[in-house]
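Below is one structure; the comments refer to it alone.
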C-alpha cells in the first residue's frame, strides 16, 4: 500500500491547482493526484475544440503540471471506496492519505426529453474521445440544434456558425444567458449570433428528439419540428457526489458537498473544491449553481495552502461570479450582481452606464465600441456588479471590476481613482467607461438630492 | 464684465474634466472655460499624429465636451492678470469668478544644446499647426533623431519607424525608460525598436545640433556625428507657472503650483489641477515629476465636485503612476513602484514573476506572450508595484493592478481572488499571470521560512 501526505482525487483545474499550491506551501510533503481520465482537458476550452482548435487534444491540461509543477505522483485510476484513511481503487490498489482533497467535478445534466438516447444527441462531456466523436458527427452534419442558451450553448453556437453550419439555439426562457446577464446583454448576444446566421428560439422547451436510432429533428412544446443532425444538450451540470455518498459526507444533491469557509467537508481531513463543492453566493451567502474553472482554481489554491493548518486570513468569501466570453467579434463580461438579481433580492440600487470606444481617438483601426453597466448600492454607494460588452479588452476589464467589487469600492473611490490610458490600448481618459458609468450614477444621485 | 460661478483656465484634459465634473455636481452654476488654443488636442494621442492618424486634427478634444457636456461657455483668449476675483484677458475683456480652476498645463523642457534653434529641431508642443509643420518636415526627412528615451520618445520612434524612416534614439542613461520602468523592460523596448530598424544610443548626451540654418546632423558628447533631417527633443516638460507668479500663488518652479490634498492653492477659491499642479508620490509623499493625462483628469473630477464645499471622502492620495504604451506589437505597462525605486527607497521587498500566454490554449491565433513582475512589501505583504509587457490586454491589466495597489491588497488577498478567464480573451486560469506572479512571491517566503 502506498502512502501519501496529500491525495487529490480529480485532475481538472481545481485538483491540479490544489496539488500545485500544496507543493508550493509544503515543500517536503508527498503528494499524489488520482484521476480517472488518461487525458485531462481544459474545461473552458472545450467549445473551441469544435472549430477554432484543429485537434481536441490541443485542449489538454498538461500532465507536467501534476508531475513537475506540483511534484506529485499521477495515478490514473478510479476511487471506489474508503476505509478510515485508506482509499481502494478500481485496479485493486490501495492508497493511504493524511489529507484528502476531493475535486471530482460535475457532469452535464440530462433533462427528461423523449429520444435523448438516439445517436447524434450529445452533451458537453469532459472526455477526449467523446468530443472527438462529436467532432466527427460535426463533419457530416448540416443542422445543429443546441438546447440551452447559457454560456456553453452560445459558445458552441459561435463555433459551429464559424464552421459554416446551420445552427439553432432553443432556450426555455425569453432571453439568452437568462440567469447570468441582464436581458439587454442576452439580447445583444442574440443579435450577434443572428447576424452570423443562427436561428434563436426563445420561450420554448424541447419535447422530443425525433428519428429512428439516429436523430432526424427535434420537436418543440408547440409541435414545431426543427431538422437536426446533431442535438447538443447544454442545460447545466450537476456535482459528481458518488464518493461523498460512499464516504458519508454531508452533501446537497443539487449544489454539491457541503464545506465550511475553508472548504473542509463534514469529515476531518477531507477538503472539497471545484464543481463538486457546494458554493455560496458572495452577496447573499445562499447556495449557488455557479460553477467556474476560475473559481474552482481559487478554491484549489486556498485549500492547497491550508491543508495542515488554516492560515486564518485565507477566508473563502463566496462566489462572485466573474464571467467572460466572446461571440463573433464581441466580448461579453459580467461580475457580481446583475440588475435582474438586484431586483430579485429587492436591493435599493442605482445604475450607471457608459458607451464609448476602446481606443482614442476612436478612428483607430481595430477600435471597438464598448458598453458598460454598473450597479451600485444606493445607501452605501458600494459597487455591486458590472456587465459589459466590447472588444477583447473586456477580458481584463471584467477582472478589474471584480477586484473593485471584492474591495467594496464606492462610487467616490472609483471617481477619484487613477487609471492608465493609452490611445492604442484603451478608451480615452475622458471617456474611460469605468469612470464614465460611475459618474453617470453619481450624477443621478446629485439630481435626486436637488429634486 | 461677464460673471461666472466657476472659471476654468486651460482646455486640456484636466480643465475639461473639471468643467464637466462641476456641471454634474452643481447643475445650476454658470461655468466658463478659457483657453488660448483655437483647437485643443488629446495629449496622449500626439505621437500618433505622425503616422497612425491621417490628420493631426483627428487628435482633437471636441469642443462639445465643454459647450455641451459641461454646459460651459468656451472663451478663446489668454488670461493676462487678476485683481481680486476679476481676470483681465488679452482681448481686453474682463471676467469675474467665484471659484477659479487653473489647468494651464506644461510645456516641453529645452536642454542647453547648441544649435537647438535651427530649422528641423522640434519639441512635442500641444499645438495643431506646430505638429502639422512637423508632419510636413517628416514627409521629406530620411533621418530622424529623437533626443530622450522616455515614453514620448519611444512612441514617436515607433511611429516614424512604421512610416519607413531611419530613426535614432539618444538617451543619456544606460536604458530606455530609465526612470519609469525597470531596466529589463527598457531593454525589451529597445529590442523591439531595434528589430523594427531603430538605432539606440545609450549613455550619451547630445552636445550640438549641426548645420547652417537647417539641421544636418547632431553631435554626441564623444564627437560622434549622426545625420539628422529632424531632431525631436523629448526630455520632459515643465509646468506653466506664469499665472501663478502673477497671482502670487505658492509654487515650485520644477514641480508646479503647490496645493493641499483637495488641490486648493495658497489663495482661497483658486484650485490647481493637471500638469501645472505640483504632485506628490503615492508612496513617499514627496514631490514627483510624473505628469499624466489620466492623473490630470482624476484631479479635474476631484476638484470639479469639491468647488463649493469639500466632500471629505474625496481625498487625493498622490500619484500612483499608471502608464501603458505599445511599441511595435508589444504593449508595456507599469503601475506603482518599480524594483529600481524600491531599492532607491531602501524598501524591504520581494519580487514575484510570471511568464505565460494571454490566450488558452496558447496555440490560438493572436495569442501573445505576457510577462508580469510584481513587487510586494516583505513585512506587510502588500502589493506595491507591477510591470508587464504582452498583448493589447496589458492596457486593462495594468489598471486592474492599479486598483489592487490602491486597495493595498496583500499576496494572500490576490491568491484567493476570483477572476474570470476565457480561452479567447485571457491566459488560462492555471497560468493567469497576476496569480502566478503572486504565488511565485509567496513561494519565496515559504522557502525562506523553511531555511
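Protein chains in written order, with this note's numbering: chain A, 7 to 457; chain B, 7 to 457. Built from N, CA and C at the ideal position, the CB exists for glycine as well.
Neighbour-count burial assignment, residue i, 16 or more Cβ in a 10 Å radius
i	result
residue 305 of chain B	buried
residue 386 of chain A	exposed
residue 132 of chain A	buried
residue 102 of chain B	exposed
residue 262 of chain B	buried
residue 352 of chain B	exposed
residue 7 of chain A	exposed
residue 220 of chain A	exposed
residue 19 of chain A	buried
residue 116 of chain B	exposed
residue 343 of chain A	buried
residue 323 of chain A	exposed
residue 229 of chain A	exposed
residue 256 of chain B	exposed
residue 445 of chain B	buried
residue 13 of chain A	buried
Length of the line joining the Cα atoms of residue i and residue j
i	j	result
residue 179 of chain A	residue 402 of chain A	29 angstroms
residue 302 of chain B	residue 17 of chain B	12 angstroms
residue 4 of chain B	residue 162 of chain A	Limits of chain B in this structure are 7 at one end and 457 at the other, which puts residue 4 of chain B out of reach.
residue 86 of chain B	residue 186 of chain B	36 angstroms
residue 138 of chain B	residue 62 of chain B	6 angstroms
residue 377 of chain A	residue 410 of chain B	23 angstroms
residue 299 of chain B	residue 200 of chain B	28 angstroms
residue 291 of chain B	residue 275 of chain B	24 angstroms
residue 120 of chain B	residue 70 of chain B	43 angstroms
residue 231 of chain B	residue 188 of chain B	30 angstroms
residue 181 of chain A	residue 204 of chain B	53 angstroms
residue 80 of chain A	residue 21 of chain A	12 angstroms
residue 234 of chain B	residue 127 of chain B	10 angstroms
residue 83 of chain B	residue 39 of chain B	10 angstroms
residue 66 of chain B	residue 240 of chain B	21 angstroms
residue 285 of chain A	residue 336 of chain B	39 angstroms
Helix, strand or coil at residue i [DSSP, three-state]
i	result
residue 289 of chain A	coil
residue 19 of chain A	helix
residue 47 of chain A	strand
residue 265 of chain A	coil
residue 254 of chain B	coil
residue 41 of chain A	strand
residue 452 of chain B	helix
residue 185 of chain A	coil
residue 310 of chain A	helix
residue 149 of chain A	strand
residue 111 of chain A	coil
residue 159 of chain B	helix
residue 427 of chain B	coil
is_contact[residue i, chain A] using C-beta, thresh 8 angstroms
i	result
residue 94 of chain B	no
residue 6 of chain B	Here chain B has residues from 7 to 457 only, and residue 6 of chain B is not among them.
residue 402 of chain B	yes
residue 330 of chain B	yes
residue 377 of chain B	no
residue 163 of chain B	no
residue 409 of chain B	yes
residue 337 of chain B	yes
residue 270 of chain B	no
8 angstroms Cβ cutoff, residue i in contact with chain B
i	result
residue 56 of chain A	no
residue 436 of chain A	yes
residue 307 of chain A	yes
residue 296 of chain A	no
residue 425 of chain A	yes
Meets three-Cβ-pair contact criterion under 8 angstroms: the region 320-334 of chain B and the region 418-434 of chain B: no
Touching or not, the region 9-25 of chain A and the region 101-113 of chain A, by the rule of three or more beta carbon pairs under 8 angstroms? yes
Sufficient close CB pairs (3 or more, under 8 angstroms) joining the region 429-438 of chain B to the region 360-371 of chain B: yes
With a cut-off of 8 angstroms, do at least 3 Cβ pairs link the region 254-261 of chain A to the region 134-154 of chain A? no
Counting pairs of beta carbons, one from the region 30-44 of chain A and one from the region 412-419 of chain B, are three or more of them closer than 8 angstroms? no
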